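Undergrad: In order, the protein sequence lines correspond to chains E and C.
For the first sequence, numbering that gives the first Met the number 0 gives the first residue as 0, with consecutive numbering after it.
For the second sequence, numbering that gives the first Met the number 0 gives the first residue as 0, with consecutive numbering after it.
Cβ atoms here follow ideal geometry from the backbone N, Cα and C, with glycine treated the same way.
What you are looking at is a predicted structure, and each value in this text was computed from that prediction instead of being measured.
There's a structure below that I have some questions on.
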Amino acid sequence: MIHLERLTKEYDMPGGKSGTLVAADSLDLLVPKGEIFGLVGPNGAGKTTTLRMMCGLLRPTAGRVTVHEVDVERHPEDAQRYLGYLSDFFSVYEDLKVWEYVEFFARAYKMPPGQISKRVDEVIHEVGLEGKRDAFIAGLSRGMKQRLGIARAVVHNPPVLLLDEPASGLDPKARHELKQLLMELNRAGATIFVTTHILSDVEEICTSVGIMEKGHLLRCGPLETVMQEARGPRRVGIRLAAPGFALVQWLGAQPGVSGVTSAGAAEAEFTFSGDDAGTAELVRQLVAAGGPVCGVQDAGETFEQLYARLSNGETM
Amino acid sequence: MPLWENPEFIRNFRAQMRPARLVGTVAITALLSWATGYAVHATFAENQHLPDWGKTFMTTALGVQLAVLGVGGGVACALSIYRERERNTYDFQRVTRLSPIELTLGKLFGAPIYFYFLAACLLPAALVGAVAGHIGWTNFLAGLGIMLVGTIVVHALALLVSLLSPRGGTGVPAALFVLLLPFLALPGQDQSDLKSTGPWAGVMFAAEGSWQTQAKLDWQGMPYAASKWTDMVFGRPVHHVPVLVILYLTLLAWLLVALVRNMKRDTADLELYSPAQSVGLVCYINLVLLAFYTLREWDMARGASLPAQRATVFTFFLGINIALLYFLGVTLLRSRDQSRRLAHETAAPGLGWRDAVWPASYVLVAAACVAALVWTRFAFSSVLRGNLDLGVSAFQIVFLLAAVLRDLSYFQWMKLRRSRYPSLIAFVFLGAFYLCSVIFLSAFGWLDEKTFNFLVLLPLPWAALAPNPLQWVAQRPVWLLALPAQLALCALFAWLHYRKIAEMVPAHGHEQSHAAVSPATQS
Numbered sequence: 000m001i002h003l004e005r006l007t008k009e010y011d012m013p014g015g016k017s018g019t020l021v022a023a024d025s026l027d028l029l030v031p032k033g034e035i036f037g038l039v040g041p042n043g044a045g046k047t048t049t050l051r052m053m054c055g056l057l058r059p060t061a062g063r064v065t066v067h068e069v070d071v072e073r074h075p076e077d078a079q080r081y082l083g084y085l086s087d088f089f090s091v092y093e094d095l096k097v098w099e100y101v102e103f104f105a106r107a108y109k110m111p112p113g114q115i116s117k118r119v120d121e122v123i124h125e126v127g128l129e130g131k132r133d134a135f136i137a138g139l140s141r142g143m144k145q146r147l148g149i150a151r152a153v154v155h156n157p158p159v160l161l162l163d164e165p166a167s168g169l170d171p172k173a174r175h176e177l178k179q180l181l182m183e184l185n186r187a188g189a190t191i192f193v194t195t196h197i198l199s200d201v202e203e204i205c206t207s208v209g210i211m212e213k214g215h216l217l218r219c220g221p222l223e224t225v226m227q228e229a230r231g232p233r234r235v236g237i238r239l240a241a242p243g244f245a246l247v248q249w250l251g252a253q254p255g256v257s258g259v260t261s262a263g264a265a266e267a268e269f270t271f272s273g274d275d276a277g278t279a280e281l282v283r284q285l286v287a288a289g290g291p292v293c294g295v296q297d298a299g300e301t302f303e304q305l306y307a308r309l310s311n312g313e314t315m
Numbered sequence: 000m001p002l003w004e005n006p007e008f009i010r011n012f013r014a015q016m017r018p019a020r021l022v023g024t025v026a027i028t029a030l031l032s033w034a035t036g037y038a039v040h041a042t043f044a045e046n047q048h049l050p051d052w053g054k055t056f057m058t059t060a061l062g063v064q065l066a067v068l069g070v071g072g073g074v075a076c077a078l079s080i081y082r083e084r085e086r087n088t089y090d091f092q093r094v095t096r097l098s099p100i101e102l103t104l105g106k107l108f109g110a111p112i113y114f115y116f117l118a119a120c121l122l123p124a125a126l127v128g129a130v131a132g133h134i135g136w137t138n139f140l141a142g143l144g145i146m147l148v149g150t151i152v153v154h155a156l157a158l159l160v161s162l163l164s165p166r167g168g169t170g171v172p173a174a175l176f177v178l179l180l181p182f183l184a185l186p187g188q189d190q191s192d193l194k195s196t197g198p199w200a201g202v203m204f205a206a207e208g209s210w211q212t213q214a215k216l217d218w219q220g221m222p223y224a225a226s227k228w229t230d231m232v233f234g235r236p237v238h239h240v241p242v243l244v245i246l247y248l249t250l251l252a253w254l255l256v257a258l259v260r261n262m263k264r265d266t267a268d269l270e271l272y273s274p275a276q277s278v279g280l281v282c283y284i285n286l287v288l289l290a291f292y293t294l295r296e297w298d299m300a301r302g303a304s305l306p307a308q309r310a311t312v313f314t315f316f317l318g319i320n321i322a323l324l325y326f327l328g329v330t331l332l333r334s335r336d337q338s339r340r341l342a343h344e345t346a347a348p349g350l351g352w353r354d355a356v357w358p359a360s361y362v363l364v365a366a367a368c369v370a371a372l373v374w375t376r377f378a379f380s381s382v383l384r385g386n387l388d389l390g391v392s393a394f395q396i397v398f399l400l401a402a403v404l405r406d407l408s409y410f411q412w413m414k415l416r417r418s419r420y421p422s423l424i425a426f427v428f429l430g431a432f433y434l435c436s437v438i439f440l441s442a443f444g445w446l447d448e449k450t451f452n453f454l455v456l457l458p459l460p461w462a463a464l465a466p467n468p469l470q471w472v473a474q475r476p477v478w479l480l481a482l483p484a485q486l487a488l489c490a491l492f493a494w495l496h497y498r499k500i501a502e503m504v505p506a507h508g509h510e511q512s513h514a515a516v517s518p519a520t521q522s
């Protein structure tokens with residue numbers, strides 16, 4: 000569906016410094032149909048540059064992007080049939096009415112003339128702007144303008160949506176609505192490629208993820224796989240119903256267990272090299288040894304913690 | 000796609016043509032037209048020249064229409080893309096399925112749409128004047144046609160300036176003014192066999208034009224245009240109206256080529272014309288010059304016109320073409336971004352001498368084409384006077400071409416240096432170099448053509464534009480030494496340029512990113 004082949008973009012270092020700034024470093028990536036792919040990384044990691052190359056706004060220094068087997072650079076008008084693009088800024092024609100704006104893009108994406116009027120009303124309804132259909136855009140709120148931007152991006156029913164920080168600047172309610180809308184679009188068959196700073200959103204809606212820094216993809220793949228691969232030995236916490244059992248000593252004597260720390264009289268955390276089945280067996284043995292287990296928790300990393308660790312603590 | 004279905008045209012139409020605005024415009028223009036008509040009528044009635052009031056009223060109305068369309072529409076076009084970039088809406092147009100030509104036409108006719116309406120509101124006044132002034136309807140329509148096509152050319156020019164000025168600012172109006180200057184020329188120029196090229200000619204033709212083509216023979220039997228509305232095209236009389244319309248349309252075609260080429264491009268990748276198109280443009284300009292170049296020149300001593308001298312014709316075309324080739328070369332210079340892409344595509348061993356001497360090959364091709372055109376036109380002409388030393392002429396051409404290539408190689412090298420404004424700095428350095436050379440050489444008294452020496456010809460090769468034949472014979476060794484020196488400088492700058500591109504070649508190839516090994520999900 001979306002294929003990046005050795006995609007590279009280099010710039011001069013800003014401020015006349017020597018050296019080259021590599022915004023995208025020979026990126027290879029394949030995003031199959033139906034994914035919601037989240038690209039995360041700190042400011043300046045190259046996310047927006049990558050996205051702009053994907054939709055044909057920036058010419059790569061080397062490499063190519065294909066969408067539905069169509070080369071975006073060589074056949075831009077054909078490729079745009081499959082792409083819907085939303086940038087991180089709200090830019091709309093304030094001197095148009097809402098329906099005029101959506102209709103302009105429906106025409107510009109060369110939808111069949113007979114379907115335009117119906118589709119315009121449909122999209123305005125989908126993004127919840129039916130009450131503002133005949134209003135001038137200048138009078139809309141920021142959230143409404145963002146929704147209008149989404150209407151613009153999806154008006155031609157593109158199978159691929161490229162969204163650059165779509166939730167930036169939105170209030171929590173609008174963010175929630177946006178997530179719902181994206182998931183609906185995904186359910187309807189759209190492949191979504193989204194760059195974002197909001198890591199909780201990635202965990203919530205993305206099916207696969209890429210962590211980018213200084214033009215490199217540090218990790219990439221289905222969300223679970225990335226978490227699993229990056230996780231290493233798991234950290235497990237056990238809580239007993241009452242103190243009295245020598246939990247720390249018992250755990251210290253078990254194979255595969257290390258780094259046992261006591262978190263209170265009846266609680267301990269430890270690193271365990273086994274998998275889920277091994278954890279279950281360990282808990283069964285603890286109960287058999289007389290440990291009154293009342294709680295077991297996987298104290299592993301969240302995506303946010305994983306990201307912070309992988310990106311060497313750089314700020315988002 | 001018809002214009003009325005063009006989304007960009009429709010968007011401009013909707014944004015600018017709201018009913019309230021149109022009603023106000025109609026009311027104000029009607030009032031102003033009536034007041035002006037009344038004032039003109041009253042003035043002429045007072046002076047007892049009543050029959051002339053209509054023509055004056057029509058000329059005034061057409062003049063205002065021209066100003067509205069030319070200035071108002073031009074400014075609207077000049078600001079259209081600049082404003083879109085400022086509002087960040089332009090990117091969204093670039094990612095639509097509109098082709099560059101559709102986007103170009105939508106903007107060309109859409110951006111000034113309100114000014115077309117304003118001009119249309121003034122049309123009744125012009126018609127009333129035309130009827131009252133007993134103006135022939137063909138004159139009136141031809142005048143309107145010239146104005147319309149002429150202003151479309153101005154709009155295309157303004158749109159191009161807007162497109163090629165990504166940062167906007169004062170550069171846009173300044174460049175627009177410079178480019179518009181030739182169009183502001185008034186009728187009556189007799190410098191060539193082509194009459195006025197300004198859209199104002201349309202107003203004048205409506206008022207006092209004639210459809211007759213008039214040519215006469217001078218005392219030597221050479222034809223010349225004997226009317227304000229006759230042009231001499233390759234020595235044959237042709238009416239000015241079709242000539243002007245064809246010139247406008249061809250110029251418009253060249254502007255559209257540049258617009259379409261760049262309309263959806265990344266701003267870091269703008270390029271006025273492709274190399275082949277640039278060569279074509281130089282040939283087109285030469286063809287126009289050759290068509291209208293007058294073969295007669297005024298002899299002050301005899302007080303009569305005489306056939307032009309071969310040497311004068313040669314020097315004119317040599318000078319013009321050296322300037323054109325210089326301009327062509329400058330437009331073809333590669334930016335750091337383009338060179339970096341080239342470096343990635345070819346890698347160090349793949350870089351050849353053609354990359355190092357870029358854009359020399361296209362400048363030389365253009366020079367050969369132009370030389371062939373000029374040669375074909377004049378070599379066998381029996382009308383011209385005097386002789387031309389072919390050896391000297393050939394040497395002049397080669398010497399000046401070497402000088403152009405020297406400067407272009409320098410510009411190309413400088414353009415790849417790290418700087419915020421590399422081209423500007425290169426121009427400033429070169430300008431300073433020429434200025435200092437002139438000052439120093441003047442101080443030594445070496446700028447007198449009798450004492451031209453190697454030290455003059457090396458820094459200031461442009462002296463070769465018009466060498467004194469006697470001085471040429473006397474100082475032939477100096478000239479022959481200066482030529483390889485120019486070529487050596489070319490080679491030096493080409494080498495420096497080559498090093499700059501080679502620096503951009505990735506040293507050991509980029510490491511592939513992680514996802515190359517384990518893509519997101521296998522399909």
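Please confirm if Y306 (chain E) has its CB atom under 8 Å from at least one CB of chain C.
TA: As a position in the first sequence, residue 306 (chain E) is number 307, starting the count at 1. No - not a single Cβ of chain C is within 8 Å of the one on Y306 (chain E).
Undergrad: Kindly identify the DSSP beta-bridge partner or partners of P222 (chain C).
TA: Your numbering for residue 222 (chain C) matches position 223 in the second sequence. Beta-bridge pairing links P222 (chain C) to C:L216.
Undergrad: G55 (chain E) touches chain C at which residues, Cβ-Cβ below 7 Å?
TA: By one-based count along the first sequence, residue 55 (chain E) stands at place 56. V94, listed in chain order.
Undergrad: Using a Cβ-Cβ distance cut-off of 8 Å, determine whether K263 (chain C) contacts chain E.
TA: As a first step, residue 263 (chain C) is located in the second sequence; it is residue number 264 there, counting from the start. True, the Cβ-Cβ gap to chain E drops below 8 Å.
Undergrad: Could you check where the beta strand (DSSP E) with I197 (chain E) kicks off and where it finishes?
TA: Counting from one through the first sequence, the residue named residue 197 (chain E) turns up at place 198. Element bounds for I197 (chain E): n/a, residue is neither H nor E.
Undergrad: Just by C-beta distance, which residues in the stretch 70-89 of chain C are closer than 8 Å to chain E?
TA: For the stretch 70-89 of chain C, which is checked against every Cβ of chain E, the residues closer than 8 Å are R86, N87 and T88.
Undergrad: Around the C-beta of S257 (chain E), are 16 or more other C-beta atoms found within 10 angstroms, so that it is buried, or is it exposed?
TA: Translated into the one-based positions of the first sequence, residue 257 (chain E) becomes position 258. Classification of S257 (chain E): exposed, given that the 10 Å Cβ count is below 16.
Undergrad: Where does A22 (chain E) sit, in a helix, a strand or coil, going by DSSP?
TA: One-based indexing of the first sequence puts residue 22 (chain E) at position 23. It is a strand residue.
Undergrad: How long is the line joining the alpha carbons of G23 (chain C) and A29 (chain C), rounded to whole angstroms?
TA: Numbered from 1 along the second sequence, position 24 holds the residue referred to as residue 23 (chain C). Numbered from 1 along the second sequence, position 30 holds the residue referred to as residue 29 (chain C). Answer to the nearest angstrom: the Cα atoms are 10 Å apart.
Undergrad: Using a C-beta cutoff of 8 Å, does S90 (chain E) count as contacting chain C?
TA: In the first sequence, the residue the question calls residue 90 (chain E) occupies position 91. Yes - at least one Cβ of chain C is within 8 Å of the one on S90 (chain E).
Undergrad: How about D230 (chain C): is its C-beta nearer than 8 Å to some C-beta of chain E?
TA: Within the second sequence, residue 230 (chain C) is the residue found at index 231, counting from 1. Chain E contact via Cβ: absent.
Undergrad: Please name the residue or residues paired with F139 (chain C) in a DSSP beta bridge.
TA: Numbered from 1 along the second sequence, position 140 holds the residue referred to as residue 139 (chain C). In the DSSP output, where bridge partners are listed per residue, F139 (chain C) has none listed.
Undergrad: If I'm right that L305 (chain C) touches E296 (chain C) with Cβ under 8 Å, what's the distance once you round it to whole angstroms?
TA: Walking along the second sequence from the start, residue 305 (chain C) turns up at place 306. Walking along the second sequence from the start, residue 296 (chain C) turns up at place 297. With 8 Å as the limit, L305 (chain C) and E296 (chain C) qualify as a contact, their Cβ atoms being about 6 Å apart.
Undergrad: 8 Å is my cut-off, CB to CB: does T7 (chain E) come that close to chain C?
TA: For the purposes of this step, residue 7 (chain E) is taken as residue 8 along the first sequence, with counting starting at 1. Taking Cβ atoms only, chain C reaches closer than 8 Å to T7 (chain E), which makes this a yes.
Undergrad: I'd like to check one pair, G142 (chain C) with G201 (chain C): are the Cβ atoms closer than 8 Å?
TA: Counting from 1 along the second sequence, the entry for residue 201 (chain C) is found at position 202. Counting from 1 along the second sequence, the entry for residue 142 (chain C) is found at position 143. Yes, Cβ-Cβ distance for G201 (chain C) and G142 (chain C) is below 8 Å.
Undergrad: Can you list the residues of chain C that E223 (chain E) reaches, using a CB-CB cut of under 9 Å?
TA: The count along the first sequence starts at 1 and reaches residue 223 (chain E) at position 224. The premise fails here: E223 (chain E) is roughly 11 Å from chain C at the closest Cβ pair, so nothing lies under 9 Å.
Undergrad: What residue from E:T60, E:M52, E:G62 and E:E99 has the CA that sits closest to L82 (chain E)'s CA?
TA: Looking up residue 82 (chain E) in the first sequence gives position 83. For L82 (chain E), the nearest C-alpha among the options comes from E:M52.
Undergrad: Keeping to the same chain, check which residues put their C-beta closer than 7 Å to that of M503 (chain C); ignore five residues upstream and five downstream.
TA: Position 504 of the second sequence, counted from the start, is the residue given in the question as residue 503 (chain C). Taken in chain order, the residues that qualify are S338, R339 and A342.
Undergrad: Counting only runs of 3+ residues fully inside the stretch 217-305 of chain C, write out the beta strand (DSSP E) ranges in chain order.
TA: If we require 3 residues or more, the beta strand (DSSP E) runs fully inside the stretch 217-305 of chain C come out as 222-224, 229-232, 235-238 and 295-298.
Undergrad: Taking 8 Å as the CB-CB cut-off, is R498 (chain C) touching chain E?
TA: For the purposes of this step, residue 498 (chain C) is taken as the residue at position 499 of the second sequence. Answer no: the Cβ-Cβ gap between R498 (chain C) and chain E never drops below 8 Å.
Undergrad: Under 8 Å between beta-carbons, which chain E residues line up against I9 (chain C)? List them in chain order, please.
TA: Against the second sequence, residue 9 (chain C) aligns to sequence position 10. What I9 (chain C) touches in chain E: F103 and R106.
Undergrad: So T49 (chain E) and A23 (chain E) are supposed to be a Cβ contact under 8 Å. How far apart are they, rounded?
TA: Here residue 49 (chain E) refers to the residue found at position 50 of the first sequence. Here residue 23 (chain E) refers to the residue found at position 24 of the first sequence. With a Cβ gap of about 5 Å, T49 (chain E) and A23 (chain E) count as contacting.
Undergrad: Counting beta carbon pairs with one atom in the stretch 356-373 of chain C and one in the stretch 277-292 of chain C, are three or more of them shorter than 8 Å?
TA: Touching, yes.
Undergrad: Mind pulling the chain C residues with CB within less than 9 Å of D94 (chain E)?
TA: Sequence index remark: in the first sequence, residue 94 (chain E) carries index 95 (1-based). Within chain C, the residues near D94 (chain E) are R13, A14, Q15 and R17.
Undergrad: Please list the segments of the beta strand (DSSP E) lying wholly inside the stretch 80-113 of chain E, counting only runs of 3 or more residues, in order along the chain.
TA: Correct list: 82-85.
Undergrad: Alpha carbon to alpha carbon, what distance is there between L479 (chain C) and R82 (chain C)?
TA: Within the second sequence, residue 82 (chain C) is the residue found at index 83, counting from 1. Within the second sequence, residue 479 (chain C) is the residue found at index 480, counting from 1. When rounded, the distance between both Cα atoms is 54 Å.
Undergrad: Give a yes or no on contact between the stretch 91-106 of chain C and the stretch 63-79 of chain E, applying the rule of three or more CB pairs nearer than 8 Å.
TA: Touching, per the Cβ criterion.
Undergrad: When you compare the stretch 122-136 of chain E with the stretch 150-164 of chain E, are there three or more beta-carbon pairs, one atom per stretch, that lie closer than 8 Å?
TA: They touch, by the three-pair rule.
Undergrad: What three-state label does DSSP hand D275 (chain E) in the structure shown?
TA: Taking the first sequence and counting its residues from 1, one reaches residue 275 (chain E) at position 276. In this structure, D275 (chain E) counts as helix in the three-state DSSP scheme.
Undergrad: Note down, in chain order, all residues in the stretch 38-71 of chain E with a beta-carbon under 7 Å from any beta-carbon belonging to chain C.
TA: Result list: C54, G55, L56, L57, R58, T60 and A61.
Undergrad: Excluding the 5 residues preceding and the 5 following K263 (chain C) in the sequence, name in chain order all residues of the same chain whose CB lies nearer than 6 Å to its CB.
TA: Numbered from 1 along the second sequence, position 264 holds the residue referred to as residue 263 (chain C). Cβ neighbours of K263 (chain C) beyond the five flanking positions: R93 and P99.
Undergrad: Kindly indicate the opening and closing residues of the alpha helix (DSSP H) around L92 (chain C).
TA: The sequence position of residue 92 (chain C) within the second sequence is 93, counting from 1. Correcting the residue identity first, residue 92 (chain C) is Gln in this sequence and not Leu. Where Q92 (chain C) is concerned, the enclosing alpha helix (DSSP H) stretches over Y89 to R93.
Undergrad: Identify each residue in the stretch 157-180 of chain E for which the Cβ-Cβ distance to at least one residue of chain C is less than 8 Å, and report them in chain order.
TA: Listed by position along the chain: nothing, the set is empty.
Undergrad: Rounded to whole angstroms, what's the CA-CA distance from A481 (chain C) to L457 (chain C)? Just pull it up for me.
TA: The residue given as residue 481 (chain C) occupies position 482 in the second sequence. The residue given as residue 457 (chain C) occupies position 458 in the second sequence. If I take the Cα positions, the gap works out to 6 Å.
Undergrad: Closer than 6 Å by C-beta to G187 (chain C): which residues in its own chain qualify, once you throw out the five before and the five after it? Chain order, please.
TA: To locate residue 187 (chain C), count along the second sequence from 1; it is residue 188. Because G187 (chain C) carries a pLDDT of 47, less than 50, the predicted location of this residue cannot be relied on, and the following value inherits that uncertainty. Cβ within range, chain order: n/a, list empty.
Undergrad: Would you check if there are 3 or more beta carbon pairs closer than 8 Å linking the stretch 70-78 of chain C to the stretch 147-155 of chain C?
TA: Yes, the stretch 70-78 of chain C is in contact with the stretch 147-155 of chain C.
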